[in-house]
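For the sequence shown, counting from 1, position 74 maps to 96 in my numbering; every step adds exactly one. We put the CB at the ideal spot given by N, CA and C, even for glycine.
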Amino acid sequence: MGRHQEHRRQRVQQQILGARVEGEAAPDALRRTAHRRGRPVAAPGHHRLRACMPGWINTDLQRHLDLPTLQAMGGADEHGNRIAPPHFKTPQQGAATSVMLAASPLLNGVTGRYFEDNQQATGTDTAAADGVAAHAIDPGNADRRWTYSQPFTR
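Listed below in structure tokens is the structure:
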């Protein structure tokens, strides 16, 4: 692979991962802002403002990635064969946290929280694969997203 191709692959991979991070942070930021502003999002007394990260799920959604990007993510071996890396979850494992948030009576009264792997996530200021990134819980960032989204939600 030439230098230009490697640079392009890295740029595409960063764009894909960056879009994923932003796509997951936006609902969490909006959820936090709605919670802070006391906006009703459910029937009175039934407010459940929670968000979750299902994780990397081993599905066919990765089929649009080129081989070098898929290999960099651990989803293909050196021969181009698709593999399920240890950090990928099955669809059932990925759905578990969402189902828990929707149905568990253990979370009655718990609101305004972010979950992953069936537990409340911890904050992190690093580029770690887990935890809540600082930009996702920054109130100023959440307010900007809230203001931006208003014309689309009326």
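- Of all C-beta pairs linking the region 137-146 to the region 110-127, three or more are shorter than 8 Å, placing the two stretches in contact.
- Taking the C-beta atoms as reference points, residue 132 is found no nearer than 8 Å to residue 145.
- Of the other Cβ atoms in all chains shown, 16 or more fall within 10 Å of the Cβ of residue 137; this residue is therefore buried.
- Counting along the chain, the unbroken beta strand (DSSP E) around residue 135 starts and ends at 135-138.
- Under the DSSP definition of a beta bridge, residue 145 partners with 154.
- Around residue 160, the same chain offers no residue with a beta carbon nearer than 7 Å, after the five sequence neighbours per side are excluded.
- Leaving aside the five residues that flank residue 80 on each side, the residues in its chain whose CB is nearer than 7 Å to its CB run, in chain order, 106, 110, 111, 112.
- Here the alpha carbons of residue 78 and residue 94 stand approximately 14 Å from one another.
- Here residue 72 is buried: its Cβ has 16 or more other Cβ atoms, across all protein chains shown, within 10 Å.
- Nearest C-alpha to residue 84 among 115, 76, 98, 75: 98.
- DSSP places residue 124 in no beta strand (DSSP E) but in the uninterrupted alpha helix (DSSP H) bounded by 113-125.
- Cβ-Cβ distances below 6 Å link residue 96 to 107 in the same chain, with the five nearest sequence neighbours on each side left out; the list follows chain order.
- The Cβ atoms of residue 102 and residue 89 lie closer than 8 Å to each other.
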